[in-house]
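Residue numbers (the numbering used here): 283 to 546.
Beta carbons: idealized from backbone N, C-alpha and C, even for Gly.
Notes for the one structure printed next.
Structure representation (structure tokens):
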């Protein structure tokens, strides 16, 4: 797919132009530390020597927290020159500037134990997803872990995030991301709400408030559709964790055979 001039312009000025919820790296770290700590402790490999890549790492806040928690082999790549400069100014020499897909493609096969893509795949168009998923599968070792963070198209409140950034291309739900991952050899797929995390009083109040809102949202969905699944993911953003299967992926058919009927 040809590169988009609009996409290049937005990414080149992403930090300055994007509607970020915080004003800089320090504020972002304060805003996200509890959230990222919970993510790392819950979903990262137990082995502190695990080979970890943060794809689209931004200013490197996740990498910095992972290093603080003892992980020794962490790296990051980001398309935005502004965010890479911020990461490097914080001492994160493991962060490089570059196209994430190209970086993945040039990695040795099965060279990663964990790949994190925090707010990345929603920036990828559907025609591009095949190349991304093949590259992710190739880079991860057997039983390697993929951790995604995504806007939630299934949330009644999700439009605020889904349409809040011009660089968003694809909207996922828990079901659609599971559909994609299973098609590319991933197993043990689980999706998790991105709920308020932390011990401060205002965070505890937010958590209680979310429980009430979640109950009302579930009630509304149950009334309309009859769906009473207690595990439905309703937060505006969500996590998805999956494990790379051991089998190699067969190549997709290059074109329809003569006996296949065209899609209408």
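task = Could you tell me whether the Cβ atoms of residue 360 and residue 376 are closer together than 8 Å?
result = Their beta carbons are not under 8 Å apart, which means residue 360 does not touch residue 376 by this criterion.
message = If the criterion is Cβ atoms closer than 8 Å, does the pair residue 441 and residue 455 meet it?
response = Here residue 441 is not near residue 455, since their CB atoms are 8 Å or more apart.
ask   = If you compare alpha carbons, which of 291, 341, 337, 328 is closest to residue 314?
value = For the set 291, 341, 337, 328, the Cα lying nearest the Cα of residue 314 is the one of 341.
ask   = Would you say the beta carbon of residue 366 comes nearer than 7 Å to a heavy atom of the ligand SAH?
value = What this structure holds is no ligand at all, so the ligand SAH is not there to describe.
key: Alpha-carbon to alpha-carbon, residue 463 and residue 335   = Cα to Cα, the separation comes out at about 18 Å.
query = Hey, which unbroken runs of the beta strand (DSSP E) at 3 residues or more fall wholly within the region 300 to 383?
reply = Counting only runs that start and end inside the region 300 to 383, the beta strand (DSSP E) elements of at least 3 residues fall at 333 to 337, 355 to 360, 377 to 379.
inquiry  = Assuming residue 497 is part of the alpha helix (DSSP H), what are its boundary residues?
reply    = Following the DSSP letters along the chain, one finds residue 497 inside the alpha helix (DSSP H) bounded by residues 483 to 507.
ask   = Since residue 352 and residue 339 are thought to touch, with beta carbons under 8 Å apart, how far apart are those beta carbons, to the nearest angstrom?
value = That pair is no contact at about 18 Å.
query = Is the beta carbon of residue 331 less than 8 Å from the beta carbon of residue 439?
reply = Result no, Cβ atoms of residue 331 and residue 439 do not sit closer than 8 Å.
message = Let me check one thing: in DSSP terms, what residues is residue 519 bridge-paired to?
response = Residue 519 is bridged to 433.
task = Closer than 7 Å by C-beta to residue 444: which residues in its own chain qualify, once you throw out the five before and the five after it? Chain order, please.
result = The answer, listed in chain order, is 433, 435, 450, 453.
Range of the contiguous alpha helix (DSSP H) that encloses residue 411 = If you look at residue 411, you'll find it in the alpha helix (DSSP H) that goes 408 to 421.
request  = Use the C-beta contact count for residue 288: other C-beta atoms within 10 angstroms, 16 or more gives buried, fewer gives exposed.
outcome  = Exposed, by the Cβ-count rule.
query = I think residue 468 touches residue 431, with their Cβ atoms under 8 Å apart; what is that distance to the nearest whole Å?
reply = The pair is not a contact, with the Cβ atoms about 16 Å apart (cut-off 8 Å).
request  = Grab me the residues of residue 382's own chain with a C-beta within less than 6 Å of its C-beta, minus the 5 sequence neighbours each way, in chain order.
outcome  = Hits under 6 Å: 337, 338, 359.
ask   = Name the DSSP bridge partner or partners of residue 428?
value = Per DSSP, 397, 524.
ask   = Taking the beta strand (DSSP E) that residue 472 falls in, what are its first and last residues?
value = Note, residue 472: beta strand (DSSP E), 468 to 475.
request  = Give every residue of the same chain whose Cβ lies closer than 8 Å to the Cβ of residue 355, excluding the five residues on either side of it in the sequence, and list them in chain order.
outcome  = So the qualifying residues of the chain are 331, 332, 333, 334.
query = If we ignore side chains and look at the alpha-carbon of each, how far apart do residue 474 and residue 386 end up?
reply = When rounded, the distance between both Cα atoms is 26 Å.
Whole-Å CB distance - residue 327 paired with residue 396, under 8 Å assumed = Residue 327 to residue 396, Cβ: 5 Å. Contact.
ask   = Just curious, the alpha helix (DSSP H) that residue 457 is in, first and last residue?
value = That run of the alpha helix (DSSP H) goes 456 to 465.
ask   = How close, in whole Å, do the beta carbons of residue 426 and residue 526 come, if the pair is a contact with beta carbons under 8 Å?
value = Contact holds; Cβ gap of about 5 Å.
key: Environment of residue 402 [buried if 16+ CB atoms lie within 10 Å]   = A buried status is given to residue 402, since no fewer than 16 other beta-carbon atoms sit within 10 Å of its beta-carbon.
ask   = Measuring CA to CA, which of 447, 522, 458, 413 is closest to residue 324?
value = Residue 324 has its Cα closest to that of 522, out of 447, 522, 458, 413.
ask   = Under 8 Å, do residue 528 and residue 514 count as touching if we go by C-beta distance?
value = No. Outside cutoff.
request  = Use the C-beta contact count for residue 286: other C-beta atoms within 10 angstroms, 16 or more gives buried, fewer gives exposed.
outcome  = Exposed.
key: residue 443, enclosing alpha helix (DSSP H) - first and last residue   = From DSSP, the alpha helix (DSSP H) with residue 443 extends over 441 to 444.
Helix, strand or coil at residue 235 according to DSSP, with G and I counted as helix = No statement about residue 235 is possible, as the shown extent of the chain runs from 283 to 546 and does not include it.
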